[in-house]
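*Asks:* Quick note: to get the numbering used here, add 2 to the position in the sequence shown (first position is 1).
Sharing a structure here in structure tokens format.
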Amino acid sequence: MTSTLTIVNDLACLPQVRELVRRGIESGGFPGHYLNRLQIAIDEAVTNIIEHGYAGVGSGRGTITIALSADQKCFRIVIEDDGRSFDPQNLPEVDVKKHAAAGHTGGLGIFLIRRVMDEIQYHFENGRRNQLVLVKHSGG
């Protein structure tokens with residue numbers, strides 16, 4: 003099963019993203035018990051793009067394209083945007099206990115994505131879109 007969705011940089015579009023993930027899992031035959039975790043991870047990735055990649059741009063003025071492919075063994079999402087480039091792989095691991103003890107209430111999006119997904123790849127070339135690839139294997 004393959005499907006593509008293009009949204010604007012507005013948090014109000016997140017329900018469309020969650021629905022894309024749900025449909026992808028159901029249509030592709032990927033195990034349904036991964037649904038909530040995958041929705042959270044992809045929701046976090048898109049939220050980070052909207053809030054950080056498009057910060058200062060203005061809601062609805064940027065686009066995010068989400069391409070999904072899923073079958074019984076592999077769920078793959080490719081997210082592309084024109085916001086500020088940011089490679090989540092360059093972020094150090096978060097010590098959750100220290101993070102919570104310091105009173106932080108946010109900032110765990112990348113942590114959650116890393117915990118849920120089996121593969122994370124980021125690509126950026128000058129003059130091209132940011133591309134974040136997230137993969138989950140049904141055995142992982």
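All C-beta atoms, glycine included, are put in the ideal place defined by N, C-alpha and C.
Can you tell me the Cβ-Cβ gap for Glu53 and Asn132, rounded? I've got them flagged as a contact below 8 Å.
*Replies:* As a first step, residue 53 must be located in the sequence shown, where it is residue number 51. As a first step, residue 132 must be located in the sequence shown, where it is residue number 130. The Cβ separation is near 14 Å, so there is no contact.
*Asks:* With which residues is Glu82 paired in a DSSP beta bridge?
*Replies:* For the purposes of this step, residue 82 is identified with residue 80 of the sequence shown, where counting begins at 1. For Glu82, which the question treats as bridged, DSSP gives the partners Thr67, Gln133.
*Asks:* Return yes when the Cβ of Lys138 is within less than 8 Å of the Cβ of Leu7, no when it is not.
*Replies:* By one-based count along the sequence shown, residue 7 stands at place 5. By one-based count along the sequence shown, residue 138 stands at place 136. No, the pair does not count as a contact, with Cβ atoms beyond the cut-off.
*Asks:* In angstroms, rounded to a whole number, what distance separates the CA positions of Leu134 and Ile79?
*Replies:* For the purposes of this step, residue 134 is identified with residue 132 of the sequence shown, where counting begins at 1. For the purposes of this step, residue 79 is identified with residue 77 of the sequence shown, where counting begins at 1. Taking the straight line from one Cα to the other gives about 8 Å.
*Asks:* Is it right to say Ala72 is buried, meaning 16 or more other beta carbons lie within 10 angstroms of its own, or is it exposed?
*Replies:* Residue numbering aside, residue 72 sits at position 70 when the sequence shown is read from its first letter. Ala72 is buried by the Cβ-count criterion.
*Asks:* CB-CB under 6 Å to Gln37, same chain, minus the five flanking residues each way: which ones, in chain order?
*Replies:* If you number the sequence shown from 1, residue 37 lands on position 35. Correcting the residue type first, residue 37 is Leu in the shown sequence and not Gln. If we look at Leu37 and ignore the five residues flanking it on each side, its Cβ neighbours are Ile27.
*Asks:* Which residue from Gly60, Gly64, Ile68, Lys75 puts its Cα closest to that of Asp45?
*Replies:* Looking up residue 45 in the sequence shown gives position 43. Closest by alpha carbon: Ile68.
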